[in-house]
Amino acid sequence: MGPVLRQALLAVSKSERAERVISTLPLTRDVVRRYVADDVGAVIDELTRRGLLVTVDHLGEEVTDPAQAANTVREYLSLLDLLPAGADVSVKLTALGLRLSEQLALDHAAAICRAAADKNVTVTFDAEEHDTIPGLHSVHAALRREHPDVGVVVQAYLPESLERCEKLGGARVRLCKGAYTAPGAYTKDADIDRSFVRCLKVLMAGTGYPMVATHDPRLVRIASTLAVLSGRDVTGFEYQMLYGVRPDEQARLAGLGAQMRVYVPYGADWYAYLMRRLAERPRNLTFFLRSLLSRR
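For this note's numbering, count along the sequence shown from 1 and bump the result up by 148.
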C-alpha cells in the first residue's frame with residue numbers, strides 16, 4: 149500500500165479544496181509547527197547552539213507573475229541577515245519564476261547567490277516536478293561558473309538520477325529520494341533505495357561534496373561506510389534531515405562529529421510542503437491524524 153498511499157497524498161498536495169479543509173482545522177497549526185519553523189530566527193539560533201548546521205527554505209513555489217518572483221528574492225535577501233556563516237539556503241526555482249522564464253529565474257538566482265556569498269552562506273537549488281529538472285540543471289550549470297559552491301538536488305526516484313550524478317563532478321549535490329511523481333519513475337521503495345545507493349556510490353567516489361538527505365537508518369549506515377571506503381573524513385560530506393523529523397538521530401550524528409544539517413522551512417505557504425513530507429514518509433500520516441484526534 150506504500151506507493152498507493154504516496155500517490156494519494158501527492159494528489160491531495162495539489163488539491164485546493166483539501167488545502168482549504170486541512171488549513172482551517174483548529175489543531176492543524178500545532179502539527180505544522182513540528183515541521184515548519186514558526187519563528188525561523190529562534191529556530192536557527194537553537195539548532196546552531198546545539199551544534200547543528202542549517203539550510204533554510206522560504207516556502208512557496210509555482211509563482212504566476214514576476215512580482216511574486218521578485219518578492220521571493222527580497223525574502224531571501226532578508227533571510228540572509230539571520231543566518232550564521234556556514235549556513236545554506238534552499239531555493240525552489242519555480243518560486244523565482246522558472247515557469248515564466250528560465251532567464252528570469254537565472255537572474256533572480258544569481259542575485260541570491262551574490263548576496264549569499266557576501267555572507268559566507270551557500271545556496272542549494274531544490275529539485276521539483278520532473279518537467280522542471282532540465283531548467284534546474286541549466287540554471288545550476290550557468291551559475292556554477294561564477295559560484296562553484298552552488299548546490300543542486302538530485303532525486304533518486306528518477307531513473308536518470310545516476311547519470312545526473314555522474315555529470316555533476318566536483319559539485320555540491322544533495323541526494324534525496326524525491327517526493328513527486330513522474331512518468332517512468334521508480335515507485336517501489338526498494339527500487340528507490342537501490343537507486344539512492346547507486347547514486348551515493350558515485351558521489352562518494354567523486355570529487356564533489358555529497359549531501360546525504362535521508363532519515364532512513366540503513367541508508368545513513370551505508371553512507372557512513374561509503375565515506376570511509378572513499379577516504380572521506382567527517383568534513384568531506386554531510387547528512388541532511390528535515391526539521392522535526394528524527395531530532396534525536398540528528399543530535400546523535402552531530403555528537404559523533406558528523407556534519408549534520410537540518411532543513412528548516414518557514415513561511416505561510418506550508419500546505420504543499422507538509423503533504424509531500426507525509427507522502428515521503430507515510431508513517432507521518434499516523435502522527436498527523438493522532439495529533440488531530442488526541443486533543444478533541
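Here a beta-carbon is modelled for each residue, glycine too, at the ideal position from N, C-alpha and C.
Among Ala289, Met389, Val271 and Lys240, the one whose alpha carbon lies nearest that of Leu367: For the purposes of this step, residue 367 is taken as residue 219 along the sequence shown, with counting starting at 1. When only C-alpha atoms are compared, the closest one is Met389.
Rounded C-alpha distance that separates Cys347 from Val360: By 1-based counting over the sequence shown, the position of residue 347 is 199. By 1-based counting over the sequence shown, the position of residue 360 is 212. Cα-Cα distance, rounded: 10 Å.
Contained alpha helix (DSSP H) runs [length at least 4] in the stretch 318 to 394, N- to C-terminal order: 337 to 353 and 365 to 377
Just tell me which of Ala333, Asp279 and Gly283 has its CA closest to the CA of Glu250. Within the sequence shown, numbered from 1, the residue matching residue 250 stands at position 102. That would be Gly283, whose Cα lies nearest to the Cα of Glu250.
Please classify Ala233 as buried or exposed, where buried requires at least 16 other C-beta atoms within 10 Å of its C-beta. For the purposes of this step, residue 233 is identified with residue 85 of the sequence shown, where counting begins at 1. When all chains shown are included, Ala233 counts as exposed.
Rounded C-alpha distance that separates Gly318 from Val382: Here residue 318 corresponds to residue number 170 of the sequence shown, with the count starting at 1. Here residue 382 corresponds to residue number 234 of the sequence shown, with the count starting at 1. Cα-Cα distance, rounded: 17 Å.
Quick one: is Glu314 buried, meaning 16 or more other Cβ sit within 10 Å of its Cβ, or exposed? Residue numbering aside, residue 314 sits at position 166 when the sequence shown is read from its first letter. Answer is exposed; the Cβ neighbour count stays below 16.
Cβ atoms of Ala243 and Gly299: under 9 Å apart, would you say? Within the sequence shown, residue 299 is the residue found at index 151, counting from 1. Within the sequence shown, residue 243 is the residue found at index 95, counting from 1. In this structure, Ala243 does not lie closer than 9 Å to Gly299 by Cβ.
How should Arg400 be labelled, buried or exposed, when 16 other C-beta atoms within 10 angstroms of its C-beta is the threshold for buried? Looking up residue 400 in the sequence shown gives position 252. Arg400 comes out exposed.
Classification of Ala371 by the beta-carbon crowding that lies within 10 angstroms, buried from 16 upward: Position 223 of the sequence shown holds residue 371. Ala371 is buried by the Cβ-count criterion.
Drop a sphere of 10 angstroms on the beta-carbon of Arg181, count the other beta-carbons inside from all chains shown, and report buried for 16 or more, exposed for fewer. Sequence index remark: in the sequence shown, residue 181 carries index 33 (1-based). Arg181 comes out exposed.
In whole angstroms, what separates the C-alpha of Gly332 from that of His295? Sequence index remark: in the sequence shown, residue 332 carries index 184 (1-based). Sequence index remark: in the sequence shown, residue 295 carries index 147 (1-based). The straight-line gap from Cα to Cα measures roughly 33 Å.
Length-filtered (3 minimum) beta strand (DSSP E) runs lying within the stretch 169 to 236: 201 to 206
Grab the span of the beta strand (DSSP E) containing Gly299 for me, first residue to last. To locate residue 299, count along the sequence shown from 1; it is residue 151. Element bounds for Gly299: Gly299 to Gln303.
Which of helix, strand or coil DSSP assigns to Val469: In the structure as shown, the chain starts at 149 and stops at 444, and residue 469 therefore has no counterpart that could be examined.
Whose C-beta lies closer than 8 Å to the C-beta of Met149 among residues of the same chain, with five residues either side of it excluded? As a first step, residue 149 is located in the sequence shown; it is residue number 1 there, counting from the start. Any reading at Met149 needs caution, since the residue's pLDDT is 42, under 50, leaving its predicted position unreliable; the model's value is listed next. Excluding positions up to five away in sequence, the list is empty.
Beta-carbon contacts of Ile281 that lie in its chain and below 7 Å, excluding the five residues immediately before and after: The residue labelled residue 281 in the question sits at position 133 within the sequence shown. Here the set comprises Ala275.
For Met408, list the residues DSSP reports as bridge partners. Counting from 1 along the sequence shown, the entry for residue 408 is found at position 260. Paired residue(s): Tyr387.
When the Cα of Val202 is compared with those of Asp213, Leu230, Ala215 and Thr220, which residue comes out closest? Within the sequence shown, numbered from 1, the residue matching residue 202 stands at position 54. Among Asp213, Leu230, Ala215 and Thr220, the Cα nearest to that of Val202 belongs to Leu230.
Using the rule of at least 16 other Cβ atoms within 10 Å of the residue's Cβ for burial, across every protein chain shown, is Gly245 buried or exposed? Within the sequence shown, numbered from 1, the residue matching residue 245 stands at position 97. Buried, by the Cβ-count rule.
Quick one: residues in its chain with C-beta nearer than 6 Å to the C-beta of Glu386, no 5 flanking neighbours on either side, listed in chain order? One-based indexing of the sequence shown puts residue 386 at position 238. Cβ neighbours of Glu386 beyond the five flanking positions: Met359, Gln407 and Arg409.
Just mark Ala327 as buried or exposed, buried being the case when its beta carbon has 16 or more other beta carbons within 10 Å. Residue mapping note: residue 327 aligns to position 179 of the sequence shown, counting from 1. Classification for Ala327: buried.
Please report the distance separating the alpha-carbon of Ala289 from that of Tyr357. Counted from its first residue, the sequence shown places residue 289 at position 141. Counted from its first residue, the sequence shown places residue 357 at position 209. Going by the C-alpha atoms only, they are around 16 Å apart.
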